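Quick note: to get this note's numbering, add 66 to the position in the sequence shown (first position is 1).
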Amino acid sequence: ETLVNEVKVPGNYRSRINGSKYASGIYFYRLTTPKGTETKKVVKK
């Protein structure tokens, strides 16, 4: 499921996701930039 799909100008950003509809567990998110793609893990308790 894609929660955010935006193109932004260079800078620093923060995003908050309302996770109340998601069960506890391990989730992954992916950030893609012109310099590459990075995947990170988030644990929801």
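C-beta atoms are modelled at their ideal positions from N, C-alpha and C, and glycine is treated no differently.
Values in this document were obtained by computation on a predicted structure and should not be read as measured data.
Out of curiosity, what's the CA-to-CA distance linking residue i and residue j?
i	j	result
residue 78	residue 96	16 angstroms
residue 101	residue 90	32 angstroms
Please list, in chain order, all residues of the same chain as residue i whose beta carbon is under 7 angstroms from its beta carbon, the five residues on each side excluded.
i	result
residue 83	69
residue 85	110
Determine the DSSP secondary structure at residue i, reduced to helix, strand or coil.
i	result
residue 68	coil
residue 96	strand
residue 85	coil
residue 110	strand
Who pairs with residue i in a beta bridge, going by DSSP?
i	result
residue 75	Residue 75 is not bridged to any residue.
Take residue i and list the residues in its own chain whose beta-carbon comes closer than 8 angstroms to its own, dropping the five residues that flank it on each side.
i	result
residue 103	96 and 97
residue 88	110
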